[in-house]
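Residue numbers (this note's numbering), protein chains in the order written: chain A, 41 to 155; chain B, 43 to 155.
Virtual Cβ for every residue (Gly too), placed ideally from N, Cα, C.
Taking it in order: structure first as structure tokens, then the write-up.
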């Protein structure tokens, strides 16, 4: 079965650079979530989108932005990168329609290293 | 404030049942109990969820106490591949929205050969 696809798998950036992470949800899933997991930390919710509209916001820094496109894929844009942004970034997708209980399917993540 | 409390780590012998407890004493009437697990550096994986009745699927069983203040995840025949961090999460059924699940401190389950 098709899973959530994230690209790139690994990304190395310098401080103050920008990065764009991409997420392709499971076909027919209309909801996308972004999570950040620092070394030895638990996943932290950043932001989510339902039907291309921002739905919920967690601890996403102002330097980060995200959007969901008409084909439901999502991109997380990160600017002015800091060393502390080095982390695993997970995307998850689900069916968010009314009457459907949330069950999130996660991708394999993007490992971002900021040098 | 944490909505769930789990032991930080547990050991279980391979082939035995692994019973992972979770306390959620402040759970609201419309909140579900979800269990996810994360095998080292992989994306979290959904296991099971329930509202008030016990649930079973191909991966595990979920036992929720009658007062819903605690639950137990049961892996009936643990294998080495079940070694992972297990997260118990309470979340409102959003009914069409996309509220993010909040991962707290889970239980690191280690299956011993």
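- DSSP, read as helix, strand or coil, puts residue 124/A in helix.
- Residues of the stretch 80-106 of chain A whose Cβ lies closer than 7 Å to any Cβ of chain B, in chain order: 82, 83, 85, 88, 89, 90, 95, 96 and 98.
- Around the C-beta of residue 89/B, 16 or more other C-beta atoms lie within 10 Å, and the residue is accordingly described as buried.
- Listed in chain order, the non-local C-beta contacts of residue 127/A below 7 Å within the same chain comprise 76, 77, 78 and 152, local neighbours out to five positions each way being set aside.
- The C-beta of residue 127/B comes closer than 9 Å to at least one C-beta of chain A.
- By the rule that beta-carbons nearer than 9 Å mark a contact, residue 94/B does not touch chain A.
- With a beta-carbon spacing of about 7 Å, residue 82/A and residue 146/B fall inside the 8 Å limit used to define contacts.
- Along the stretch 142-155 of chain B, going in chain order, the ones with a CB nearer than 9 Å to a CB of chain A are 142, 143, 144, 145, 146, 147 and 148.
- Among the residues facing chain A, residue 71/B is not included, as its CB has no counterpart in that chain under 9 Å away.
- Residues of chain A with a Cβ closer than 8 Å to the Cβ of residue 87/B are, in chain order, 146.
- Closest in C-alpha terms to residue 136/A, from the list 56/A, 68/A and 43/A, comes 68/A.
- When rounded, the separation of the alpha-carbon atoms in residue 115/A and residue 108/A is 7 Å.
- Closest by C-alpha distance to residue 124/A, out of 133/A, 148/A, 154/A and 105/A, is 154/A.
- Between residue 148/B and residue 132/A, the CB-CB gap reaches or exceeds 9 Å.
- In terms of beta-carbon proximity, residue 75/A lines the interface with chain B, with at least one pair separated by less than 9 Å.
- Less than 9 Å divides the Cβ of residue 104/A from the Cβ of residue 117/A.
- Residue 96/A carries a strand assignment under DSSP once its states are collapsed to helix, strand and coil.
- Closer than 9 Å to the CB of residue 48/B there is not a single CB belonging to chain A.
- With contact defined as three or more Cβ pairs closer than 8 Å, the stretch 127-134 of chain B and the stretch 69-82 of chain B are in contact.
- With a 10 Å radius around the Cβ and a threshold of 16 neighbouring Cβ atoms, residue 80/A comes out exposed.
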